[in-house]
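This report refers to the structure that appears directly beneath it.
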Amino acid sequence: MVRDVPDERGSSVEGRSRWTWTLVLASTVLLLVSMALMVSSVDDGEVRSVADGDNSYMDDALYLGSGECADCHEDQGDRWYTTPHAGAFGPATEETVVGDWTAEPEIEVAPGVNVSPTLIENATGFFMDLDGEGTHVYQVTHVQGAGKWLQVYLTEHGNSR
């Protein structure tokens, strides 16, 4: 049998033990309530569920360019512009399109189905004629990749890129 015996300060060991556990329990409850309030106050913004292949949520998205970021983040922008990443994506211009547009590439569009697009560069921009007949001509609006080893040309088709 444990007796409630006072210690040298006059308080009982059993009383202190109850007080300690009460304090630990109250602190834990307070911590959990605080965490729940913090998590519930986080605004995740709009969450949309989309069907597979539905890219309509991107219809209003615009590429603003790296200059928009560098306007506010000058130090980071200055360092970033000196890296190869600075030319990794951007609008198709004479400076950014580095591929050989006199070449005759062959592209596999489906297993066993290859096309040889005609690459066209003129005063209005860069274009790909996919069938050589002029019926499937798409303007290259952006480039991805900055080296001659691999550069991807992006076109717009309907609401897609």
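If you read the sequence shown in the numbering used here, its first letter stands for residue 2, the second for the next number, and so on. Positions of the beta carbon are idealized from the N, C-alpha and C atoms, including for glycine. Source: prediction; values computed, not measured.
Asked                                                                                              : Found
For L155, the residue or residues it bridges with in DSSP                                          : H143
Uninterrupted beta strand (DSSP E) stretches inside the region 69-121 (no shorter than 3 residues) : 90-92, 108-111 and 114-116
Best match in A111, G91 and V114 for proximity to G146 [C-alpha to C-alpha]                        : G91
Sheet register partners of N123 (DSSP bridge)                                                      : G126
Spatial distance of G88 from Y154 (CA atoms)                                                       : 13 Å
N115 and E107 closer than 8 Å at C-beta                                                            : yes
Distance, E69 Cα to G135 Cα                                                                        : 37 Å
Closest Cα partner of V98 within the set H137, I121, T23 and G133                                  : I121
Identity of the residue in G133, V144, D76 and A93 nearest T125 by Cα                              : A93
C-alpha gap between T156 and E75, whole angstroms                                                  : 31 Å
Buried/exposed call for V141, threshold 16 Cβ in 10 Å                                              : buried
Alpha-carbon spacing of V144 relative to M59, whole angstroms                                      : 18 Å
Identity of the residue in F128, G113, L151 and P112 nearest T119 by Cα                            : F128
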